[in-house]
Amino acid sequence: MKKLTLIIATALMLGACQNKAQSETAAGATDQVVADSLKTTLVAYFSASEAHITAQVAKTLAEATDADLFEIVPEQIYTPEDLDWKNEQSRSTIEMKDSTARPAVVSKVENMAQYNTIYVGFPIWWYTAPRIINTFLEQYDLTGKTIIPFATSGGSDMGKSGEDLKKASAPNATWILPGKVLNGNPPVDSLKVWVETLK
Ligand SMILES: Cc1cc2nc3c(=O)[nH]c(=O)nc-3n(C[C@H](O)[C@H](O)[C@H](O)COP(=O)(O)O)c2cc1C
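The sequence shown begins at 272 in the working numbering and counts up by one.
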């Protein structure tokens, strides 16, 4: 019996040592990521169509602003059928008719505290922002952060999308409104000109 107790105690001790070594490695790796990314600007975007139009402009904007880039990814990816705005029963139509809809996202910006300016990009859906942008914003305490919305669209302007987001999901942030529709895949230089006008 004594022997068995000794074996179990030794196994537990070895396990504890191994776990400690593993967590030290994990902590070291996390420190490395933070040390590599000291940027204070974030470009977060959602892009749903197969053409990924908002994704393209978000990447260029991150380059123009020397920002980190974060994609807002839905837990359930939108299919072309989901995006059929002509269908009253499609997922996007149903979500956009319900201002309380909050489609789930797969991940979170873990180091949000490090950013003071956040550009938030999305396709215009039914003249405003997709509900998943509300989901994104509501995950964080954005008090004191500056948020600048941008979008792509089939021709609509920003409308009240920024005001809607501010009111419903991030009233304590400082919003620069109305933001801007950035259609036509604008080059880095023209985005830098726009960003300058915000200062
Ligand atoms: C459900 C849905 C609703 C849309 N509503 C509008 C709209 O109100 N006004 C507009 O100009 N474009 C509208 N569009 C077009 C998108 O805003 C446009 O194609 C956008 O650039 C797509 O960006 P993405 O490729 O990043 O998803 C809508 C598209 C979808 C799928």
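Ideal placement from N, C-alpha and C gives every residue a C-beta, glycine not left out.
Since this is a predicted model, take the numbers as computed values, not measurements.
CB residue i to CB residue j, shorter than 9 Å?
i	j	result
Leu413	Met383	yes
Pro374	Thr406	yes
Ile403	Thr445	no
Leu332	Gly415	no
Could you have a look at residue i and say whether DSSP puts it in helix, strand or coil?
i	result
Lys463	helix
Phe317	coil
Leu436	helix
Ala422	strand
Using the Cβ count rule (16 or more neighbours within 10 Å means buried), how would you classify residue i?
i	result
Gly426	exposed
Gly455	exposed
Ile395	buried
Lys470	exposed
Lys463	exposed
Alpha carbon to alpha carbon, what distance is there between residue j and residue i?
i	j	result
Val225	Thr336	Because the chain is modelled from 272 through 470, residue 225 falls outside the range shown and cannot be assessed.
Thr350	Ile343	16 Å
Leu453	Glu321	18 Å
Asp428	Ile389	20 Å
Lys451	Pro420	7 Å
Asn358	His323	21 Å
Glu346	Asp369	19 Å
Tyr411	Ser308	19 Å
Val380	Val314	11 Å
Thr311	Gln327	21 Å
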